[in-house]
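Novice: Sequence lines, in order, name chains E and P. For the first sequence, position 1 matches number -8 in the numbering used here, and the numbering has no gaps at all. The number in the numbering used here is simply the position in the second sequence, starting from 1, with 160 added.
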Amino acid sequence: MRLVDVAQFASGSLRGSRSRTLLMILAMSIGVASVVVLTALGEGARRYVVNQFSSLGTNLVIVFPGRTETAGIGPGMLLGQIPRELTLDDAAALLKNPAIKRIAPLTIGTSQISKDALNREVIVLGSTADLLPVRHMTLGQGQFLSAGDMHSSESVCVLGAKIRRELFGNDSGIGAWVRLGDRRFRVIGVMAAQGESMGFNTDEIVIVPVASAHILFNTTGLFRVLVEAKSRDAIEPAKRAAEQILTERHNGERDVTVVTQDAVLATFDRILRALTLAIGGIAAISLAVAGVLIMNVMLIAVSQRVKEIGLLKALGAPAAQIRNLFFAEAVLLSGIGSVAGLMLGELGVLAIGKIYPSLPVVAPWWAVLAAIGTSLATGILFSVWPARRAARLDPVTALAGR
Amino acid sequence: MIEFSGISRSFQVGDQQVTALRDINLSIAAGDYVSIMGPSGSGKSTLLNLIGLLDRPSSGTYKLDGGDVTALDDEQQAKVRSEKIGFVFQSFHLVPRLTAAMNVELPLILAGITPAERKTRVAQLLENYGLTDRADHRPDQLSGGQRQRVAIARATSMHPAVLLADEPTGNLDQTTGREVINLLETLVEQKVTLIVVTHDPVIGGRAKRQLHMVDGRIVSETGRET
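This is the structure we're talking about:
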């Protein structure tokens, strides 16, 4: 018997009992749709968290002075020592390593900003031109710090969006002079409003060249060095290189701590992926239930069609062929069911996306494959018994309808 | 063509052994027209089922076209049924959801014949049995006589050597019954071996060889020389 004919015969007998077929497809599609929607929700949550993290910068390695001991206070602290400072030259030395793409040294402090009679307390960030790409920040107007010698202490500053609004109102403020502490700075740019990300509001800061910040705060040390690795694979080499270079520069003493943003992210990623798998698994149970339903209905179909099976045998259909016909019905049922379920699921995902636009809900490809796979597998698995039962019928009694 | 030697068939009913056929020796030549008559329970249908390979004997050997078919497994027997044997039943056994044409096509589909070939064969068969204008009707839209004609067309679609008819007129009135028998008899002229089970002596009497069965045995054979 030709495969096309098997499919045609099976679909004919499915059409022959319309309501039964529709109910089966409904059960199957609800199962598939719930897998798709629930995993899409889980995946959406995961992506949301990952996005939040990567808005801080990608392939980021963070260097800060001092060595964090596993517990309590380090020995140096007891002796009244402060860790050796991380200097601008230290930061510049990192750039020589091939695994490292960009660095942005960071000095942080608070200062008074004033323009005419207006003044307020602000967080001042001393950094270089590369802060913008490393930290994934966007400039609103004007220009950012100029690239070049990081030791030059130009008196220019870039304002956070909220600071600009408070000081200049509707005026862009670019080209104006403001006073930070006891120095005057010319405003060259304004950051785009970004709001809060990971507890740090970039709208309420002022960015100045790192050397200017050192003068302003009368220090030479850095608060952090943000290091961007060349690629995801280069993160570990970059981390090791940073540790090694700084240890060498600090006379063999490992007095800096290097962490990767990836390590933190990976943990979240793992937890949320596990969660997605778990809810996907729970949804898959409904597919198994649909499978049992298919089995039940197929068994009824076999007993309803005993005469037809007897006839097929009399006409020369071997047992294997009859089994295949019932198999084909189950495959068609679960196949149509999964396609309908996929469409239903995608509709659901679309609806959730409309209701919660900030949640990036997308059904992961593996969940879609798993849903179709499970539905086909349960459909076939649960039709083995009915199909075998049909194939084993004795033709004489089957023809008599007993 | 059909050689039965020492064929017996017994069933287990509850804890009783019921013997339907006892030591049947029978030989039917190709192109024979045979009727099997006898009261109900005499084993006529069991004999027909054994000839048609729908059932297996408890003992004895059955040779079809010189080959022992009792030794074949189910799949091989199915192949023999498909290629050599056609069935006509008392209750027609048409598939209710399929049209007349599709019912006729069914054995061809099962045998894996190409759609193009199937189409011409089905069209020819429908024409032969005067069913062309009924091709797209479902069984419940056909009269009893038409249904049995569809069933005969189906039974002959694979050009079987043997046609087995179990009470082919049992569900039909006298006139249509006679028409159906006439149809079957034209097949004998085309060298088909026809075996008809009936308890109607008028219909059974038309066969060349008439076997009379009582209690699982062939008790007598009468012939009609023409």
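Heads up, the beta-carbon is just placed ideally off N, CA and C, and yes, glycines get one too. As the structure is a computational prediction, the values presented were derived from the model and not from experiment.
If the cut is a Cβ gap below 8 Å, which residues of chain E does SER242/P touch?
Specialist: On the second sequence, position 82 is the one that residue 242/P refers to. Going along chain E in sequence order, the residues near SER242/P (Cβ under 8 Å) are LEU306, GLY307, ALA308.
Novice: With DSSP run on the structure shown, which of helix, strand or coil describes ALA95/E?
Specialist: Working through the first sequence from its first residue, we reach residue 95/E at position 104. Three-state DSSP puts ALA95/E in a strand.
Novice: Using the three-state DSSP reduction, which class does LEU214/P fall into: helix, strand or coil?
Specialist: The residue given as residue 214/P occupies position 54 in the second sequence. Correct three-state label for LEU214/P: coil.
Novice: With a cut-off of 8 Å, does the C-beta of PHE44/E fall near any C-beta of chain P?
Specialist: Within the first sequence, residue 44/E is the residue found at index 53, counting from 1. Chain P contact via Cβ: absent.
Novice: Would you say VAL255/P reaches chain E, if we count a Cβ-Cβ gap shorter than 8 Å as a contact?
Specialist: Taking the second sequence and counting its residues from 1, the one referred to as residue 255/P is at position 95. For VAL255/P, the answer is yes, since a Cβ of chain E falls inside 8 Å of its Cβ.
Novice: Closer than 8 Å by C-beta to SER144/E: which residues in its own chain qualify, once you throw out the five before and the five after it? Chain order, please.
Specialist: Along the first sequence, one-based indexing puts residue 144/E at 153. If you ignore the 5 residues before and after SER144/E, its C-beta comes within less than 8 Å of the C-beta of PRO200, ALA202, SER203, HIS205, ILE206, all in its own chain and listed in chain order.
Novice: Taking the Cβ atom as the reference point for each residue, do LYS221/E and THR251/E lie within a distance shorter than 8 Å?
Specialist: Along the first sequence, one-based indexing puts residue 221/E at 230. Along the first sequence, one-based indexing puts residue 251/E at 260. Cβ atoms of LYS221/E and THR251/E: not closer than 8 Å.
Novice: Counting only beta-carbon atoms, is GLY201/P nearer than 8 Å to chain E?
Specialist: The residue labelled residue 201/P in the question sits at position 41 within the second sequence. Not closer than 8 Å to any Cβ of chain E, the Cβ of GLY201/P fails to qualify, so no.
Novice: Three-state secondary structure (DSSP) at TYR347/E?
Specialist: On the first sequence, position 356 is the one that residue 347/E refers to. In this structure, TYR347/E counts as coil in the three-state DSSP scheme.
Novice: Spell out the partners DSSP gives SER102/E in its beta bridges.
Specialist: Position 111 of the first sequence, counting from 1, holds the residue named residue 102/E. BP columns for SER102/E point to VAL113/E.
Novice: Could you say which of LEU97/E, LEU316/E, LEU333/E lies nearest to SER25/E if we only look at CA atoms?
Specialist: Working through the first sequence from its first residue, we reach residue 25/E at position 34. Comparing Cα-Cα distances from SER25/E to each of LEU97/E, LEU316/E, LEU333/E, the minimum goes to LEU333/E.
Novice: State yes or no: is the C-beta of THR259/P within less than 8 Å of the C-beta of ASP225/P?
Specialist: Here residue 259/P corresponds to residue number 99 of the second sequence, with the count starting at 1. Here residue 225/P corresponds to residue number 65 of the second sequence, with the count starting at 1. No.
Novice: Any C-beta of chain P within less than 9 Å: which residues of the stretch 312 to 338 of chain E qualify?
Specialist: Listed by position along the chain: GLN312.
Novice: Out of ALA36/E, ALA138/E, LEU122/E, PRO386/E, state which residue places its alpha-carbon closest to the alpha-carbon of ALA310/E.
Specialist: In the first sequence, the residue the question calls residue 310/E occupies position 319. Of ALA36/E, ALA138/E, LEU122/E, PRO386/E, the residue nearest in Cα terms is PRO386/E.
Novice: If you follow the alpha helix (DSSP H) that ALA232/E is part of, which residue opens it and which one closes it?
Specialist: Against the first sequence, residue 232/E aligns to sequence position 241. Segment 226 to 240, the alpha helix (DSSP H) holding ALA232/E.
Novice: Is the stretch 283 to 298 of chain E in contact with the stretch 354 to 365 of chain E, if contact means three or more CB pairs nearer than 8 Å?
Specialist: no
Novice: Ignoring anything shorter than 3 residues, give me the beta strand (DSSP E) runs that lie fully in the stretch 121 to 191 of chain E, in order along the chain.
Specialist: 130 to 133, 147 to 150, 168 to 171, 174 to 182
Novice: With a Cβ-Cβ cutoff of 8 Å, do THR353/P and ASP192/P count as a contact?
Specialist: Within the second sequence, the letter at position 193 stands for residue 353/P. Within the second sequence, the letter at position 32 stands for residue 192/P. Cβ distance < 8 Å, so THR353/P and ASP192/P count as in contact.
Novice: Out of VAL353/E, ASN50/E, SER4/E, which has the shortest C-alpha to C-alpha gap to VAL255/P?
Specialist: Within the second sequence, numbered from 1, the residue matching residue 255/P stands at position 95. That would be SER4/E, whose Cα lies nearest to the Cα of VAL255/P.
Novice: Please say whether LEU291/P and ALA315/P have beta carbons closer to each other than 8 Å?
Specialist: Position 155 of the second sequence, counting from 1, holds the residue named residue 315/P. Position 131 of the second sequence, counting from 1, holds the residue named residue 291/P. Against a cut-off of 8 Å, the Cβ pair of LEU291/P and ALA315/P comes out as no contact.
Novice: Quick one: using the 10 Å Cβ neighbour count with 16 as the cut-off for buried, is LEU109/E buried or exposed?
Specialist: Working through the first sequence from its first residue, we reach residue 109/E at position 118. LEU109/E counts as exposed, since fewer than 16 other beta carbons sit within 10 angstroms of its beta carbon.
Novice: Check whether chain P comes within 8 Å of VAL27/E, counting only Cβ atoms and requiring the distance to be less than that.
Specialist: One-based indexing of the first sequence puts residue 27/E at position 36. By this cut-off, VAL27/E is not an interface position.
Novice: For chain C, check one thing: does any of its Cβ atoms lie closer than 8 Å to the Cβ of LEU390/E?
Specialist: Structure shown: chain C not included; protein chains present are E and P.
Novice: Among PHE317/E, THR388/E, ARG314/E, GLY243/E, whose alpha-carbon lies nearest the alpha-carbon of LYS298/E?
Specialist: Within the first sequence, numbered from 1, the residue matching residue 298/E stands at position 307. Distances from the CA of LYS298/E to each of PHE317/E, THR388/E, ARG314/E, GLY243/E were compared; the closest alpha carbon is that of THR388/E.
Novice: Where ARG278/P and LEU285/P are concerned, what is the direct C-alpha to C-alpha distance, given to the nearest angstrom?
Specialist: As a first step, residue 278/P is located in the second sequence; it is residue number 118 there, counting from the start. As a first step, residue 285/P is located in the second sequence; it is residue number 125 there, counting from the start. The straight-line gap from Cα to Cα measures roughly 10 Å.
Novice: Among SER118/E, GLU244/E, LEU316/E, which has the Cα closest to the Cα of ARG58/E?
Specialist: Residue numbering aside, residue 58/E sits at position 67 when the first sequence is read from its first letter. When each option's Cα is compared against that of ARG58/E, the closest is GLU244/E.
Novice: Starting from TYR39/E, follow the alpha helix (DSSP H) in both directions and report where the run begins and ends.
Specialist: Locating residue 39/E in the first sequence gives position 48, counting from the first residue. Taken as a continuous stretch (DSSP letters only), the alpha helix (DSSP H) holding TYR39/E covers 9 to 45.
Novice: Would you mind listing the beta strand (DSSP E) stretches within the stretch 187 to 271 of chain P that are 3+ residues and don't spill past its ends, in chain order?
Specialist: 193 to 197, 219 to 224, 245 to 248
Novice: State buried or exposed for GLY63/E, treating a residue as buried only when at least 16 other CB atoms are found within 10 Å of its CB.
Specialist: Looking up residue 63/E in the first sequence gives position 72. Its pLDDT being 49, under 50, GLY63/E is placed unreliably in this model, and the coordinates cannot settle the point.
Novice: Closer than 8 Å, CB to CB, is LEU13/E near chain P or not?
Specialist: One-based indexing of the first sequence puts residue 13/E at position 22. For LEU13/E, the answer is no, since every Cβ of chain P falls outside 8 Å of its Cβ.
Novice: Give the interface partners of PHE247/P over in chain E, defined as CB-CB distance under 8 Å, in chain order.
Specialist: For the purposes of this step, residue 247/P is identified with residue 87 of the second sequence, where counting begins at 1. The contacting residues are ALA305, LEU306.
Novice: Looking only at DSSP bridge pairs, what is ASP326/P linked to?
Specialist: Taking the second sequence and counting its residues from 1, the one referred to as residue 326/P is at position 166. Note: ASP326/P sits in a beta bridge opposite VAL357/P.
Novice: DSSP state of ALA62/E, grouped into three classes?
Specialist: Numbered from its first residue, the first sequence carries residue 62/E at position 71. Per-residue confidence for ALA62/E stands at a pLDDT of 43, beneath the threshold of 50, marking its modelled position as unreliable; no derived number is given.
Novice: Which residues mark the beginning and the end of the alpha helix (DSSP H) in which ARG307/P is found?
Specialist: Translated into the one-based positions of the second sequence, residue 307/P becomes position 147. Run containing ARG307/P: 304 to 316, per the alpha helix (DSSP H) assignment.
Novice: Which partner residues of LEU181/P appear in the DSSP bridge assignment?
Specialist: Taking the second sequence and counting its residues from 1, the one referred to as residue 181/P is at position 21. DSSP, once it has assigned bridges, lists ARG169/P as partnering LEU181/P.
Novice: DSSP state of SER222/E, grouped into three classes?
Specialist: Numbered from 1 along the first sequence, position 231 holds the residue referred to as residue 222/E. Here SER222/E sits in coil by DSSP.
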